[in-house]
Structures are given as structure tokens and as C-alpha cells.
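Residue numbers (the numbering used here), protein chains in the order written: chain A, -7 to 101; chain B, 483 to 833. Glycine included, each C-beta is placed from N, C-alpha and C at the ideal position. Notes follow the structure.
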């Protein structure tokens, strides 16, 4: 298994930090891509951050009221080694299925 | 039925693994090859986006930076023209760069460096500036990736004088072809079939001149047959081997030829195989028009015109931009489309 850290992203308009309002996931939880992770508040607005990937939550940083700077760790995921960082999905090996049958007459061979 | 299972059963025949044979995924086989190349050639360097600290998005360079140092395995900015441009300079300075373009769709920004510099510098300098560059390109589709992350660029690269192009179909081929490519004095485009990265297979990791290693040049017969030859490369080889198993149920004995080197193409192997089977179907993921299948078909036709039972058939992707993941299965030649192509050849009658 590999650990992937996700830092607090730039939330736009040059903001350099955000305050955690509420964590929507907890360590040990399996999350899916785009699942809301945390609600944070900037000087502009309160936003929900969606998960950038699927994986198991290992650690979260900051409790309600704590400030996190852009670029500092926000959450760490655990993912299987062979999917770490990949764009796309690992193909599954499946038994071949067919609908077409072959027929041939090798008369003159 | 997965080839990985077949291969592992073969390896374990008699209850004990063969000497010098290991079960590796293609990722591990490529990683092993790169590790050995770095160890054997102090002038070899690996560079690319996330190649260093992270070990590559596909884990191919995993652990190589910590073992060989940050001067020999290093991260680059997200700029493919820079990665390949730097490789040109490194090659001029006597290094053997092994750059990685993270996904084939991002080779396009570096086409100028690949075509106008890497492919030509040896020619332009009258042999005084050879370009020993091994460009690794995770290639083709099959992993449901977003746009620009799955392409089939072999015909584009093969068309450029000065470039050699090769694509491995399984872990054993990956290990030996990469070790061979990364010791050539000329530029080689090494197209890794990303959908096969995770499948395991037997790799004979004994020396390259050991009998189990096989020749690193030319095409390779992966299955012998009498009635029809399927020609493929990269990820399509394992699919053609599946198709050959299914065709055997119908009494059709199929030979599968892994072309391996897409430039230069092993015309002798094509002709030898099709002279025997007298029927040929070439399978590739790239679009049909001006695809490498046309070149293969012409080489076969030229060498076997008098004995061919039917025109060489092509089963390929379509002449459309590479589709998004949801439509990928409709685009990449599937088992039934390959079987249809074979049936057209089997039932062809002259006159």
C-alpha cells in the first residue's frame, strides 16, 4: 500500500489559508472520488472540498476552528501500490467472451 | 482465461520454478531493467515528470532515485518539450538519457524535439553527435483514462527517419527489449502498453545471451498455427492469443506473431509466417487510415502475393479521436471484431 498526501489546494483569488469548519470523513473510512471531505471557510466563503481520488483515509489535519495554509497537508489517503497516482483504472482480467463463431472449408489446401 | 495464469502454470510445471525465471508484472520487469541499465552504464540517466521522488505515476521508476541518486534519476518541470530538449543536450554531452513522457498524449508538445532534433542530429552532424536516447512512452488505451491519456502513436513515430520504435507485449519482452533499447547508440521510442502494466508473467532474468532470453530484435512467434496469422503488437498481442484459443474451438489453427519492432519491421518474419498460413489479419488500436497495419499488409502482400488466399485484413480502431473511457471498449478491437476479420479472410474466394 502507498500513502498519498493531499495538500490544501489554492481555493482561488489568491487566498493563502482556510479554516476547518467540519470534517465530513474520518480516519479509517473508505472514500470515493468527488465525495465531500471537509467544509472549510476562507475570508470569501465556506466551501466543501471534494475528494480528488478514491482511497482509505489515513490521517486528517486540523480540527474545527484550526487554520491550514494553502500547500500544507490536509488529508492522507492509503491506496493499493499498483493504483498509486494513476489516471484511469487498472483493467481487470476477465474470461474472454465471444458471439462470433468461425467457419472455414479448407477444400483446396 | 488470463495469459498470466497460463504463464504461471507453465513456470511451475513439475512443481518447481525454472532457474533464472521470476514472476513479475510488466511494471516490475521494466523497473528491474532500468535499475540494471543504471548500474551497468554510469552515463545513463532517467528524467521526467514524477520519475524521481514519486517513482512515476505507473511506479516504473519506483525506488530508483533513492538507489542511484538525484543526479541520475530526477524530476523535471511539466514541459515535455523541455524533457526531450534536455535529453538532446545530455546526449550531446555523452550521456544516455532515458526520458519518460508520462502519457502518450503528452508526446505531442515534444514532437519538434523528437522529429527535428533527436531523429536527425546524428545525420545532421555526419555522425559526430549520435543520439543514444531511449524515450519511454506509456502508450495505447485500455485503462479508461481521460482525454490525452490514451493514444496510439506508432505510425507517427515509425514514419520519422532516424527513429526506431518498439513495443513489448508481456513482462519478459518488456525486460529484455528495454535493456536492449537502452543500450543502443540510436534513439528508440519505447511504447509501453499501459493496460498490461499490472499483468504478471514469467521473466527469464538470466543474462540477455542466455537461451531463455530470446533474440531482442525482430518479430516473435507467440503461438504457432497453420491456417491464419494474426499480427499484433503491445496490448493487442494478449488479446490475439485469447482469440487464437477461441478459434481453436472452431477448428481454426491460428499463428500469433508479435511484431515487437515497429521500425524497422521484420518483413522476413511476416513473410515466413504468412507463406505457411496463407492468410493474415493485422490488429492494432490506432485508427485505420495510414495506420501501421497498412505497412504490414503491404509487406505481406509483396512477399506472399502468389500464395495469399485473401487480401490482408485489418482490424483496428476507428478514424476518430481516441474516445473517453465509457466508449473505449467500442473503439479498441475486441474479440468479436477480430473474429469477424478472420472470418472475412477465411471465406474469401478468388474470382
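Under the three-state reduction of DSSP output, residue 686 of chain B falls in the strand class. In this structure, residue 560 of chain B keeps its C-beta atom at 9 Å or more from the C-beta atom of residue 592 of chain B. Per DSSP, the beta bridge partners of residue 507 of chain B are B:682. Of the other Cβ atoms in all chains shown, fewer than 16 fall within 10 Å of the Cβ of residue 689 of chain B; this residue is therefore exposed.
Cβ contact annotation for residue 694 of chain B (same chain, cutoff 8 Å, sequence separation greater than five): 500, 502, 503, 686, 688, in chain order. Interface residue (Cβ-Cβ distance to chain B less than 9 Å): residue 98 of chain A is classified as such.
Across the stretch 623 to 637 of chain B, CB contacts with chain A closer than 7 Å involve 624, 625, 626, 627, 628, 631, in sequence order along the chain. Under the 9 Å criterion on CB atoms, residue 725 of chain B is classed as interfacial with respect to chain A. Listed along the chain, the chain A residues whose CB falls inside 8 Å of the CB of residue 556 of chain B amount to none; the nearest CB is some 17 Å away. Rounded to whole angstroms, the gap between the alpha carbons of residue 664 of chain B and residue 607 of chain B is 22 Å. Residue -1 of chain A has a beta carbon lying at 9 Å or more from every beta carbon in chain B. Residues of the same chain with a CB within less than 8 Å of the CB of residue 34 of chain A, apart from the 5 flanking positions on each side, are 3, 7, 9, 10, 11 in chain order. Contact with chain B is found for residue 92 of chain A, since one of that chain's Cβ atoms lies less than 9 Å from the residue's Cβ. Annotation for residue 696 of chain B: no beta strand (DSSP E) segment contains it, and DSSP assigns it neither H nor E.
Exposure of residue 51 of chain A is indicated by the presence of fewer than 16 other C-beta atoms within 10 angstroms of its C-beta. Contact residues of the stretch 665 to 688 of chain B toward chain A are 676, 677, 678, 679, 680, 681 (C-beta to C-beta distance below 9 Å).
Counting C-beta pairs with one atom in each stretch, the stretch 718 to 733 of chain B and the stretch 776 to 793 of chain B have fewer than three that are closer than 8 Å, which means they do not touch. Under the rule that a run must span 3 or more residues, the beta strand (DSSP E) segments found entirely inside the stretch 533 to 575 of chain B read 555 to 557. For residue 45 of chain A, the CB contacts under 6 Å within the same chain, skipping 5 residues up- and downstream, are 25 in chain order. Taken atom to atom, the span from the alpha-carbon of residue 672 of chain B to that of residue 705 of chain B is near 24 Å. For the set B:538, B:726, B:522, B:769, the Cα lying nearest the Cα of residue 585 of chain B is the one of B:538.
Take residue 739 of chain B, set aside five residues on each side of it, and the residues of its chain with a beta-carbon closer than 8 Å to its own are 701, 702, 703, 704, 711, 712, 713, 714, 751, 752, 755, in chain order. Per DSSP, the unbroken alpha helix (DSSP H) holding residue 661 of chain B starts and ends at 653 to 663. By the rule that beta-carbons nearer than 9 Å mark a contact, residue 50 of chain A does not touch chain B. The straight-line gap separating the alpha-carbon atoms of residue 648 of chain B and residue 744 of chain B is approximately 5 Å.
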